[in-house]
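A.B. asks: So that we are looking at the same thing, I have put the structure below in structure tokens.
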Amino acid sequence: MNNNEIYKRNNAKNFIYISLFFFIIYLCFLYLGIDFERFFSALGRFGSLIANRYYPVEIPYVLEPGYLGSILDSIQMGYLGLVIGVIIASVLAYFAASNITPSKKIGYWIGKFFIIFSRSIHETIWTILFVTIVGFGMLAGTMALTMYCIGFFGKLFSEELENVDMKLVETIRSNGANEIQVFAFGVWPQVKTAFTGILIYTWDVCFRASTIIGFFGAGGMGWYLKRNVLQLEYARTSAIILSIIVLVIFSEALSAYMRDKIYKETQ
Amino acid sequence: MSGYQLTIDDYSKQNSSKILKKIIFYILLIIIIFLSVYFIIILDTDWHRIGSGASILKQLSYFIGLDVKIMPHLILPAFETFLMACLGTMLGLILSLPVAWLGAKNVTPLGAVSFGFARMLMTISRSVHEIIWALIFVGAVGLGALPGILALAFRSVGFISKIISENIEGADKKPIEAIKAAGGSGFDVMYYGIIPQILPTVIGTIIFEWDINIRRSAVMGLVGAGGLGLAFFRQMHMSNYPGVTTVILFIVGLIVIGEILSHYLRKKII
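Here the protein sequences line up with chains A and B, keeping their order. Numbers in our numbering are just positions in the first sequence, counted from 1, shifted up by 115. Numbers in our numbering are just positions in the second sequence, counted from 1, shifted up by 779.
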């Protein structure tokens, strides 16, 4: 067998793989009932929708005091959800970190379970559930964001806790410190910076989520969005989406600045 | 020399002003907490409607139990959700390749113009929530799985293209220069010089994004795209609370499967 034949055979193999891949995608499309004509014209439709309906953006709508108040509502929901969520998540993460957990058999699994459970349910589903339990309003949104923060912050922070240097912890423990002292003097100084960084990142994500959960009955900007979507007020909808983009960019810039500052201070 | 001397008094003054600043910062934070508690829990909440703790527990107890009858009807939507996530991630990858090419400083063709344009696209894609993307696409292409796929794709573009362009910027320059010196075109540089270097990280990123997309595609049905979200929406509107619990269990199961798969795949690649 010379090189040419191997080359030809490889080419044929690749060709078979690629055509199989496209065939599977074709089957997926058939299964999902997607019209190919619709799929390939989707970008054009998207563009014409933006240009014809959403385009004349009604900026004055988002400058009305009612809407500005709802922005404040969203920020407050995000903030309170973050604070409560982080407090609960820190405790859970302490239990769910396999190296420093006080009880390996029960506490570890309980912490891990709660973090995974609150992480795997999307924030909008949490909102719907809490709205059915406590009714419409910002309380339901705050609870939903709390669950969201527990999942998000808990996962990142417990991974951070699992990466601490165990030598220091063992030294302190062998000197007769109890669990609280071990955490305060052995673990906490090592994860302090990471804690702040993750906190700021969680705030960023939490604020992004708080702009939308009003769509399902919690307060804030999402409620205005839902109203205008249902009323087919495209100009106002696009203004609200634009305002969300601006706010998210602003909060992202702020959190990047804060993280940079903290990074510099610890160096 | 006297200008550079730091006496103990000066030092303690600086230190105390620093501590004062810190204290003011924390007091401000606590005041904001109290304000938000006041606005949310006292002003905005209708305690009368919620009632006592017993009525909350009663409301919660509706959710206990499983609806076995709807389980067979959930398997196909679960599969649909899974497929939506896969196709959405794939389409997102295809869409993010040109954006990443424009958004990497060292290969962008038109300098600051195309770089800024690509960065703007990435930011818009990331800052618009997937529910809003789904709403827009339901308006554009109608109900079904297609708006869900498109929404997931547009939402993933920001993250994937950001990672890819950062990797392109950080790629080793020596092979690129060698290909250039041998007379390779821009495409050759991309295909033989850059892509082999960034491939492992990019595949890891795609698997990570796919994992998140499963979570997102489970809620696409709430605004008109198909999948488990639609089943959740129906059960919720029929006030069939055990059914709601069942759908949530299916969602959690699907996500756990996705997490295990992505963990295994990432390990295999690295």
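Ideal Cβ placement from N, Cα and C applies to all residues, glycine included.
On the CB-based measure, 16 or more other CB atoms within 10 Å of its CB, does D280 of chain A come out buried or exposed?
C.D. replies: exposed
A.B. asks: Using a 10 Å radius around the Cβ and a threshold of 16 neighbouring Cβ atoms, would you call G148 of chain A buried or exposed?
C.D. replies: exposed
A.B. asks: Would you list, in chain order, the members of the region 173-204 of chain A that have their beta-carbon closer than 8 Å to a beta-carbon of chain B?
C.D. replies: D188, Q191, M192, Y194, L195 and V198
A.B. asks: To the nearest angstrom, how far is the alpha carbon of I1034 of chain B from that of I993 of chain B?
C.D. replies: So the two alpha carbons sit approximately 7 Å from each other.
A.B. asks: Quickly, what does DSSP pair G923 of chain B with across the bridge? List them, please.
C.D. replies: DSSP output for G923 of chain B lists B:A1004 as bridge partner(s).
A.B. asks: Name, going along the chain, the residues of the region 903-915 of chain B whose beta-carbon falls closer than 9 Å to a beta-carbon of chain A.
C.D. replies: I903, R905, S906, V907, H908, E909, I910, I911, L914 and I915
A.B. asks: Would L1001 of chain B and V1026 of chain B qualify as a contact pair, given that the criterion is a beta-carbon distance under 8 Å?
C.D. replies: no
A.B. asks: Is G337 of chain A near the ligand MG - that is, is its Cβ less than 7 Å away from at least one heavy atom of it?
C.D. replies: Absence of the ligand MG is noted for the structure shown, with no ligands found whatsoever.
A.B. asks: Under the three-state reduction of DSSP, which class applies to T216 of chain A: helix, strand or coil?
C.D. replies: coil
A.B. asks: Quick one: is R351 of chain A near chain B, going by C-beta distance under 8 Å?
C.D. replies: no
A.B. asks: Please determine, among A:G196, A:V306 and A:N214, the residue with the shortest C-alpha to C-alpha distance to T317 of chain A.
C.D. replies: A:G196
A.B. asks: Mind listing the chain D neighbours of G918 of chain B? Cutoff is C-beta to C-beta under 7 Å, in chain order.
C.D. replies: Protein chains in the displayed structure are A and B, and chain D is not among them.
A.B. asks: Please report whether the beta-carbon of I873 of chain B lies at a distance below 8 Å from any beta-carbon of chain A.
C.D. replies: no
A.B. asks: Tell me the DSSP secondary structure of S1018 of chain B in three-state form.
C.D. replies: Coil at S1018 of chain B, not helix or strand.
A.B. asks: With a 10 Å radius around its C-beta and 16 neighbouring C-beta atoms as the bar for buried, classify N118 of chain A as buried or exposed.
C.D. replies: exposed
A.B. asks: Any Cβ of chain B within less than 8 Å of the Cβ of I133 of chain A?
C.D. replies: no
A.B. asks: For D188 of chain A, which three-state DSSP category applies?
C.D. replies: helix
A.B. asks: Classify V206 of chain A as buried or exposed, calling it buried when 16 or more other Cβ atoms lie within 10 Å of its own Cβ.
C.D. replies: exposed
A.B. asks: Any chance the region 916-928 of chain B sits against the region 851-869 of chain B, with 3 or more Cβ pairs inside 8 Å?
C.D. replies: yes
A.B. asks: Taking one C-beta from the region 894-909 of chain B and one from the region 822-831 of chain B each time, how about it: are there three or more such pairs within less than 8 Å?
C.D. replies: no
A.B. asks: Counting only C-beta atoms, is M336 of chain A closer than 8 Å to chain B at any point?
C.D. replies: Chain B contact via Cβ: absent.
A.B. asks: Using a Cβ-Cβ cutoff of less than 7 Å, which residues in the same chain neighbour I939 of chain B once the five nearest sequence positions on both sides are dropped?
C.D. replies: G871, L872, S875, T984, I985 and E988
A.B. asks: With 16 as the cutoff for other CB atoms within 10 Å, does A961 of chain B come out buried or exposed?
C.D. replies: exposed
A.B. asks: Check distances from the C-beta atoms of the region 245-259 of chain A to those of chain B and list, in chain order, the residues that come in under 8 Å.
C.D. replies: Answer in chain order: T247, I248, V249, G250, G252, M253, L254 and T257.
A.B. asks: Nearest to A1004 of chain B by alpha carbon, out of B:K952, B:L914, B:K953 and B:G1037?
C.D. replies: Nearest option by C-alpha distance: B:L914.
A.B. asks: Residues of chain A with CB closer than 7 Å to the CB of S815 of chain B, please, in chain order.
C.D. replies: Q191, Y194 and L195
A.B. asks: Between A354 of chain A and chain B, is any beta-carbon pair separated by less than 8 Å?
C.D. replies: The beta carbon of A354 of chain A sits no closer than 8 Å to any beta carbon of chain B.
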